[in-house]
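At position 79 of the sequence shown the residue is numbered 79 (the UniProt record's numbering), and the sequence of numbers has no breaks.
A short worksheet on the structure shown next.
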Amino acid sequence: MPEYALEGADEKEAIEAVSVGAILSDYQRVRVENVCLRLGLQPLAYLWRRDQESLLSEMIKSDLYAILIKVAAFAAVLRLAPAAKN
1 MPEYALEGAD
11 EKEAIEAVSV
21 GAILSDYQRV
31 RVENVCLRLG
41 LQPLAYLWRR
51 DQESLLSEMI
61 KSDLYAILIK
71 VAAFAAVLRL
81 APAAKN
């Protein structure tokens, strides 16, 4: 996440926090946390360490409309691909 994308945004838009969608990736979570620390923002990681199967079930049950633009876990794609066909 480019730090410059958030610089000054907190003054212009009253931004206090940044949410990260990382579930298991330390790299993603820590990267956002470091940017937030430098900019004085609160990092939010509501999905962190959530059980992936129950999270996916909750999303499906809630009729969440989402478009996946990137999956950063090859093993997860292999496990979910057969289920996606049903």
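A virtual CB, placed ideally from N, CA and C, is assigned to each residue, including glycine.
The structure displayed is predicted, hence computed values, not measured ones.
**OP:** List in chain order: all unbroken alpha helix (DSSP H) runs of 4+ residues lying wholly within the UniProt domain "Diphthamide synthase" (7-74).
**Re:** Complete alpha helix (DSSP H) runs here, min 4: 9-13, 26-39 and 52-61.
Original post:
Is the Cβ-Cβ distance between ARG29 and ALA17 less than 8 Å?
Top reply: ARG29 is not a Cβ neighbour of ALA17, given a cutoff of 8 Å.
Original post:
Is there contact between the region 18-26 and the region 34-54, where contact requires at least three CB pairs shorter than 8 Å?
Top reply: Taking a cut-off of 8 Å on C-beta distances, the region 18-26 touches the region 34-54, as three or more cross pairs fall below it.
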